[in-house]
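Numbering (our numbering), first residue to last: 71 to 235. All remarks here apply to the structure that follows.
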Amino acid sequence: GPISDEETSYYVRLQYNGEILPFYTKVDGIQNTPAREKDSPLTRSFIAGSGAFGYKMDDIRVDVEGLYSRLAKDTAVIGASEKDLADSLTAFSGLVNVYYDIAIEDMPVTPYVGIGVGAAYISNLSNIADVKDQKRFGFAYQAKAGVSYDVTPEIKLFAGARYFG
């Protein structure tokens, strides 16, 4: 949460980004087994987190965020032809985010929306040792929405959802 309760301040944010709900995670080029085309080829990630350093100006926040995520392949969903796909996929991402806090006077809860853009470094796409495309950079973006709760004037607890691409 913010370092101070003034209208403008620097802040540090730490968050756990594990997936709780079984949303679809898409990776271009992976073929699912027949009748499982709409299922996610990668399992939910419980190993994910991020940290950010930012600046708050009234109802606007801007931060630089670093994220880590690891997804495992779902062998029940991925087709047999995908045997060369690595057992997991790891992503390190860096984004610049902008948030709008929807202030509600005299309430400890503040809804927010945000967007971010940056880059992601993805590794371990293939089990084949001679494949040169084991690691690569890509464009990353996200949209976020949620609420923050004022635990103290200096500490906020956030709960929200995001779409990351």
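The C-beta atom is built at its ideal place from N, Cα and C for all residues, glycine as well. Here the structure is a predicted model, which means the values were calculated and not measured.
Rounded separation between residue i and residue j - CA only
| i | j | result |
| --- | --- | --- |
| D176 | D220 | 11 Å |
| D129 | T78 | 9 Å |
| K214 | D171 | 12 Å |
| I192 | R83 | 23 Å |
| Y86 | R206 | 24 Å |
| A173 | I117 | 32 Å |
Supposed close pair residue i, residue j - CB separation, criterion 8 Å
| i | j | result |
| --- | --- | --- |
| S218 | F228 | 5 Å |
| Y81 | G121 | At roughly 11 Å, the Cβ-Cβ gap does not stay under 8 Å, so Y81 and G121 are not in contact. |
| Q212 | Y233 | 6 Å |
Continuous beta strand (DSSP E) stretch holding residue i: start and end
| i | result |
| --- | --- |
| F209 | 205-220 |
| I185 | 179-193 |
| F234 | 226-234 |
| F123 | 118-127 |
Closest residue to residue i among the options (Cα-Cα distance)
| i | options | result |
| --- | --- | --- |
| R131 | Y169, G121, F162 | Y169 |
| G230 | K205, V179, V187, D133 | V179 |
| G235 | K226, L137, M127, G216 | L137 |
Other residues of its chain near residue i: CB distance less than 7 Å, five sequence neighbours each side excluded
| i | result |
| --- | --- |
| G188 | S163, G164, L165, V166, A210 |
Chain-order list of residues whose beta-carbon lies under 6 Å from that of residue i (same chain, five-residue window excluded)
| i | result |
| --- | --- |
| D75 | Here D75 scores only 48 on pLDDT, less than 50, and its place in the model should not be relied on; the value that follows carries that caveat. For D75, where only same-chain residues beyond five positions count, the Cβ hits under 6 Å are P223. |
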